[in-house]
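J.: One structure is given below, represented as structure tokens, and several questions about it will come after.
Numbering (my numbering), first residue to last: 189 to 493.
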């Protein structure tokens, strides 16, 4: 159990928001759970999440110690595009989480990799993320590279850091873009209110650069290619939304009440390229568009959707 003692400096702040913004790395939902479980007191009394604090209120937060967890192997089919002694290139389906985290400890890509590879995965990212060099969102499909040993992991991670790692995506975005191509160069950081979202911000952010190219103009939508210069969380989704053209089907950054014939965003990691950590030869792989993506394209092209 870890205890934090804080003093409120501003009246009128809701208790759950105060906890989420306190700097102790609690999401709004985690803060609510802690309050509801009696882990928070204000001046010695338990309060509900909507309680509004007064200046100089003393807030004590008791955070339970994390329960140790180690990802377990699961016999889940994998679409392996390439594999050798150093790495795998996997085509991840939409709907699969990359690695275990709160609420998703089973059925992830890591669980499947542990079954397929056994102990042959790099350990740099710990027991919950073995072999994971980079990630794509749960509802984004496409290619990921997985390292089988620490040497390969380090070499691949260095390429990502140096922006020499090829990552090309294809997406369908809402509306029609004014320019046939362009670049969004805008830093991305955690949203100040909704901790599950990212946003363009100068505060506690990292530089983020996305290059886009229009592939086809459609009825009410545009089919585009995006090339990542950097790889921030939700980067394409945040950058395209900032242009007023969010990714189709994006429930977080997209158009409210948008009706599309699929769940999740229409975003696919189409191509990946890198210098092999052992052979030092450049390798590139592509993945066909998934069925839901192709079907939506067909409907838009026929203008019947």
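Note that the Cβ used here is the ideal one computed from N, Cα and C, for glycine as well.
CB residue 398 to CB residue 363, shorter than 9 Å?
T.: In the chain shown, the residue the question calls residue 398 occupies position 210. In the chain shown, the residue the question calls residue 363 occupies position 175. No, the Cβ-Cβ distance between residue 398 and residue 363 is not below 9 Å.
J.: For residue 238, report the span of its alpha helix (DSSP H) as first-last.
T.: The residue labelled residue 238 in the question sits at position 50 within the chain shown. Where residue 238 is concerned, there is no enclosing alpha helix (DSSP H), given that its DSSP letter is neither H nor E.
J.: Return yes when the Cβ of residue 427 is within less than 9 Å of the Cβ of residue 460, no when it is not.
T.: Within the chain shown, numbered from 1, the residue matching residue 460 stands at position 272. Within the chain shown, numbered from 1, the residue matching residue 427 stands at position 239. Contact flag unset, no.
J.: Let me confirm a value: residue 273 is counted as buried when at least 16 other C-beta atoms fall within 10 Å, else exposed. Which label applies?
T.: Translated into the one-based positions of the chain shown, residue 273 becomes position 85. Exposed: under 16 other Cβ atoms inside 10 Å.
J.: Run the proximity test for residue 216: is its beta-carbon closer than 8 Å to any non-hydrogen atom belonging to the ligand PLP?
T.: The model depicted lacks the ligand PLP and carries no ligand whatsoever.
J.: Considering only their Cβ atoms, is the gap separating residue 281 from residue 267 smaller than 9 Å?
T.: Working through the chain shown from its first residue, we reach residue 267 at position 79. Working through the chain shown from its first residue, we reach residue 281 at position 93. Contact: yes.
J.: Between which two residues does the alpha helix (DSSP H) harbouring residue 424 extend?
T.: Against the chain shown, residue 424 aligns to sequence position 236. That run of the alpha helix (DSSP H) goes 423-430.
J.: Opposite residue 435 in the DSSP bridges: which residues?
T.: Within the chain shown, numbered from 1, the residue matching residue 435 stands at position 247. For residue 435, which the question treats as bridged, DSSP gives the partners 361.
J.: Could you please give me the residues that DSSP links to residue 335 through a beta bridge?
T.: Position 147 of the chain shown holds residue 335. DSSP lists 275 as partners of residue 335.
J.: Excluding five sequence neighbours on each side, which residues of the same chain lie with their C-beta closer than 6 Å to the C-beta of residue 373?
T.: In the chain shown, counting from the first residue as 1, residue 373 sits at position 185. Cβ within range, chain order: 397.
J.: Given that a residue counts as buried once 16 or more other Cβ atoms are within 10 Å of its Cβ, and exposed if not, what is residue 491?
T.: The count along the chain shown starts at 1 and reaches residue 491 at position 303. Its Cβ having fewer than 16 others within 10 Å, residue 491 is exposed.
J.: I need the straight-line Cα distance from residue 381 to residue 466, nearest angstrom please.
T.: As a position in the chain shown, residue 381 is number 193, starting the count at 1. As a position in the chain shown, residue 466 is number 278, starting the count at 1. Rounded to whole angstroms, residue 381 to residue 466 spans 45 Å at the Cα level.
J.: Anyone know if the C-beta pair for residue 284 and residue 326 falls short of 9 Å?
T.: The residue labelled residue 284 in the question sits at position 96 within the chain shown. The residue labelled residue 326 in the question sits at position 138 within the chain shown. Yes, the Cβ-Cβ distance between residue 284 and residue 326 is below 9 Å.
J.: Give the DSSP bridge partners of residue 194, in chain order.
T.: Indexing the chain shown from 1 puts residue 194 at position 6. Partner(s): 247.
J.: Tell me whether residue 305 sits in a helix, a strand or coil according to DSSP, three-state version.
T.: The residue labelled residue 305 in the question sits at position 117 within the chain shown. It is helical.
J.: How should residue 452 be labelled, buried or exposed, when 16 other C-beta atoms within 10 angstroms of its C-beta is the threshold for buried?
T.: Here residue 452 refers to the residue found at position 264 when the chain shown is read from its first residue. It is buried - the Cβ of residue 452 has at least 16 other Cβ atoms within 10 Å.
J.: With DSSP as the reference, please indicate the residues paired to residue 459 in a beta bridge.
T.: Stepping through the chain shown from its first residue, residue 459 is reached at position 271. DSSP lists 356, 474 as partners of residue 459.
J.: At a Cβ threshold of 9 Å, is residue 471 touching chain D?
T.: The chain labelled as chain D is not found in the depicted structure, where only one protein chain is given.
J.: Using the rule of at least 16 other Cβ atoms within 10 Å of the residue's Cβ for burial, across every protein chain shown, is residue 360 buried or exposed?
T.: Reading the chain shown from its first residue, position 172 is the one you call residue 360. Its Cβ being crowded by 16 or more others within 10 Å, residue 360 is buried.
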